[in-house]
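Q: In UniProt numbering, the protein residues as written are 1 to 528.
All residues carry an ideal CB built from backbone N, CA and C; glycine is no exception.
For clarity, every value in this text was computed on a predicted model and none was experimentally measured.
Handing you a structure now.
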Amino acid sequence: MNLSLYGYQDAWIAVDCGMLIRQDLPGEPLQVPDTSILDTRGIRPQALLITHGHEDHIGAAAWLWPRWACPILATPLVAAMLRVKFGERGLPTDAIDVIEPGDARDIAGFSLRFLPLTHSIPESCALLIQAGNSRILHTGDWKLDPEPLIGQPVNEDLFRALAPVDLVVGDSTNANVTGHSRSEGEVARAMVSTISRCQGRVVVSCFASNLARVLAIGRAAARCGRRVSLLGRSMERMVGHARQLGYLDDFPALVPVSDLGYLPPEEVLVIATGSQGEPRAALSRLAQGRHPHFELTTGDSVIFSAKAIPGNEHLIERLKRGLARFQVTIIDDASHPELHASGHPAQQELERFYRWLQPTRLLPVHGEENHQSAHQELARRLGIEAPLAPRNGDLIRFDQGGLTREESFPLSQCIIERGGIDRRQSPAHARNRHGVLFLAISLVATDTGWARIGRLMIDSSQTSPLDEDNFIDWLDEQLDDLAVDTLSALRRGLYPRIQAWLGEHLQRLPQVELQLMASDIEGIAGDV
């Protein structure tokens, strides 16, 4: 997640305001940036500038903006996304100020210019920030895509005209990757080739915000004689925004998911969310056989047109195991790397971009420490000063003397519960719950997993209202799915799943007291 602040004299501006989905916590809550240091120091941004519409750059805006009540400068697509987010929280939207890529504004002593770049979402912009005699280019996320499908390639002359800039605050995500990132145009051609070889129904999963990829998939479906349907609320919403702004004018007409059963399998293509194994997303529902209108069968193909985000590998592997039960063909970036393109610059792009800009200094951001280190080394080869790699919470001073780290502030985990923001100082605080749910389950081991026997003993009187029938049906599915040999292993596997389900279905997450009792055909009983 991203949130940067720039201060000059007594004025401050914020750039981006992103969030992180904590899939390691029950209920998959959101984590937003800790801004307590701003309150301590009396810092209130005079404006919030958004570089592009990915959730790690805009997802926290509706939660943190009420503290600042400042203008929000955003391009048309981002503005449309923010209006929905603000509306869902009952916030006014009149602070959202639409700015076109290429336009400029003056705010609180800063001269600001939005400079269009290519990325995996339309309208991505770098920000040229001028304060006093210093000119800083904050790149945001970007790449040099010669064939972006939506929008124009990067204007080399525009960036050459800026040279020399004093400082680049630059994307390090792929700084350790040699060569040049793949173009969306290349992916589009590979998509046609791959889909044309598929026999049954095809499901393609990608990020909903990657509208160029969505467009490429839709065009490929049309060329291969397939009708298109969408699965996933975020996919439907993004396609709706894009169509309103004219980005998907030649996208095929959509078929309701409920009508797909009337079409021959070879005429069906579904674009679905969930490429990262998100348990609530459309693809996970298909892998669990829980979609009311669409069920995978032998001969179908599932294409992953997205790379695993670090940390999501176990979720994706679990998803693929679920898909494999339906005997579908799974096509991913490991076997078909041509079906995905990164939205971040590799080394050749970084070198080319910096030759245009001729920056004096670089501050490498995004990615992990190894990516930042690779970015620093690349900069030094080009004669660019790159003395430090910032960490979250760092206060960096930039002046005629260069870059210095003045302070590093400790940050808390700010987790969004349904009732608001919960600042978590420690794992112990994260265990605070609302009420207690008592569960006692009698079990018997089966060849494939575990089965519940007798009546489930459940006391949810101290919690939010619980749909017990729905919970019991879900619980039986989990028991059958957990192929472990001992009660202790079953408890380790089942407990976090129960917490996750409760986090999704209850207003407040309770403490769970779980008792498992098992017996086998020999009459040997166990309890844990």
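Which residues in the same chain have their Cβ closer than 6 Å to the Cβ of I453, if we skip the five residues on either side of it in sequence?
A: So the qualifying residues of the chain are S442 and V444.
Q: Considering only the alpha carbon of each residue, which of L479, L437 and F110 lies closest to W450?
A: Ranking the options by Cα distance to W450, first place goes to L479.
Q: Going by CA-CA distance only, name the one from R189, L475, P390 and S342 that's closest to H180.
A: Looking at the Cα atoms, S342 is the closest of the given residues.
Q: In chain order, which alpha helix (DSSP H) runs of at least 4 residues are fully inside the region 348–383?
A: Complete alpha helix (DSSP H) runs here, min 4: 369–381.
Q: Of all the options R381, Q347, Q358 and D394, which has the alpha carbon lying nearest to the alpha carbon of H371?
A: That would be Q347, whose Cα lies nearest to the Cα of H371.
Q: Is it true that the CB of A60 sits closer than 8 Å to the CB of C17?
A: Yes, the pair counts as a contact, with Cβ atoms nearer than the cut-off.
Q: Please name the residue or residues paired with residue 532 in a DSSP beta bridge.
A: Since the displayed the chain opens at 1 and closes at 528, residue 532 lies outside it and no answer follows.
Q: If you run the structure through DSSP and keep just helix, strand and coil, what is I472?
A: DSSP places I472 in helix when its eight states are reduced to three.
Q: Closest to I150 by CA distance: which of E100, G90 and A216 is it?
A: Measuring from the Cα of I150, the nearest candidate turns out to be A216.
Q: Name the two residues that bound the continuous beta strand (DSSP E) containing I107.
A: Note, I107: beta strand (DSSP E), A104 to I107.
Q: Rank S301, D333, P264 and K307 by C-alpha distance to the C-alpha of L323 and give the top, closest one.
A: Minimum Cα distance to L323 is reached at S301.
Q: Taking C-alpha atoms, which residue in N174, L167, E186 and G53 lies nearest to H336?
A: Among N174, L167, E186 and G53, the Cα nearest to that of H336 belongs to E186.
Q: I'd like to confirm something about R197: is its beta-carbon nearer than 7 Å to some heavy atom of the ligand GDP, or not?
A: Annotation note on the ligand GDP: not contained in the displayed structure, which lists no ligands.
Q: From which residue to which residue does the alpha helix (DSSP H) around A80 run?
A: Segment P76 to E88, the alpha helix (DSSP H) holding A80.
Q: Cβ atoms of Y8 and A95: under 8 Å apart, would you say?
A: Taking 8 Å as the Cβ cut-off, A95 and Y8 do not qualify as a contacting pair.
Q: Classify S36 as helix, strand or coil using the three-state DSSP reduction.
A: Residue state, collapsed to three classes: helix.
Q: Check whether the Cβ atoms of A361 and I384 lie closer than 8 Å to each other.
A: Sequence check: residue 361 is Arg here, not Ala. Result yes, Cβ atoms of R361 and I384 sit closer than 8 Å.
Q: Report buried or exposed for G53, applying the criterion of at least 16 other Cβ atoms within 10 angstroms of its Cβ.
A: So G53 counts as buried.
Q: Whole angstroms is fine: what's the gap from M191's alpha carbon to V214's?
A: Between M191 and V214, the C-alpha separation is close to 11 Å.
Q: If you draw a straight line from the alpha carbon of L64 to that of V484, how long is it in whole angstroms?
A: So the alpha carbons of these two residues sit roughly 43 Å apart.
Q: What is the DSSP secondary structure of D157, reduced to helix, strand or coil?
A: Helix.
Q: Need the endpoints of the alpha helix (DSSP H) that A445 sits in, please.
A: Note, A445: premise wrong, no alpha helix (DSSP H); beta strand (DSSP E) at V436 to A445.
Q: Let me confirm a value: R226 is counted as buried when at least 16 other C-beta atoms fall within 10 Å, else exposed. Which label applies?
A: Per the 10 Å Cβ criterion, buried.
Q: Can you find the residues in the same chain that come closer than 7 Å, C-beta to C-beta, to N392, ignoring five residues on each side of it along the sequence?
A: L411.
Q: Taking only three categories from DSSP, how would you classify Q478?
A: DSSP places Q478 in helix when its eight states are reduced to three.
Q: With DSSP as the reference, label residue 535 as helix, strand or coil.
A: What the structure shows of the chain is the stretch from 1 to 528, and residue 535 is not part of that stretch, so it cannot be assessed.
Q: Rounding to the nearest angstrom, what Cα-Cα distance links R424 and S4 in this structure?
A: Residue confidence is low: R424 scores 49 on pLDDT, short of 50, so the model does not pin down where it sits. Its coordinate-derived value is still stated next. Going from the Cα of R424 to the Cα of S4 covers about 21 Å.
Q: According to the Cβ coordinates, are L456 and I472 closer than 8 Å?
A: Yes. Within cutoff.
Q: Taking the Cβ atom as the reference point for each residue, do S183 and S305 lie within a distance shorter than 8 Å?
A: In this structure, S305 does not lie closer than 8 Å to S183 by Cβ.
Q: Between which residues of its own chain and D103 is the CB-CB distance below 8 Å, once the five residues before and five after are set aside?
A: Closer than 8 Å at the Cβ level, and outside the excluded window around D103, lie R113 and F114.
Q: What's the gap between the Cα of P164 and the Cα of G42?
A: Taking the straight line from one Cα to the other gives about 34 Å.
Q: Who are the near neighbours of R105 in its chain, counting only those whose CB is closer than 6 Å to its CB and skipping five residues on each side?
A: L112.
Q: By how many angstroms is the C-alpha of R189 removed from the C-alpha of L127?
A: C-alpha separation (whole angstroms): 32 Å.
Q: Less than 7 Å between C-beta atoms, sequence neighbours within five positions excluded: which residues of the same chain meet that for Q287?
A: It is worth fixing the name first, because residue 287 is Ala in this sequence and not Gln. L319, G322 and L323, listed in sequence order.
Q: I'd like to know whether the C-beta atoms of I396 and L357 end up nearer to each other than 8 Å.
A: No, the pair does not count as a contact, with Cβ atoms beyond the cut-off.
Q: Please look up how many angstroms separate the CB atoms of L231 and V270, rounded, as I've assumed it's under 8 Å.
A: Contact flag correct, Cβ pair sits at about 5 Å.
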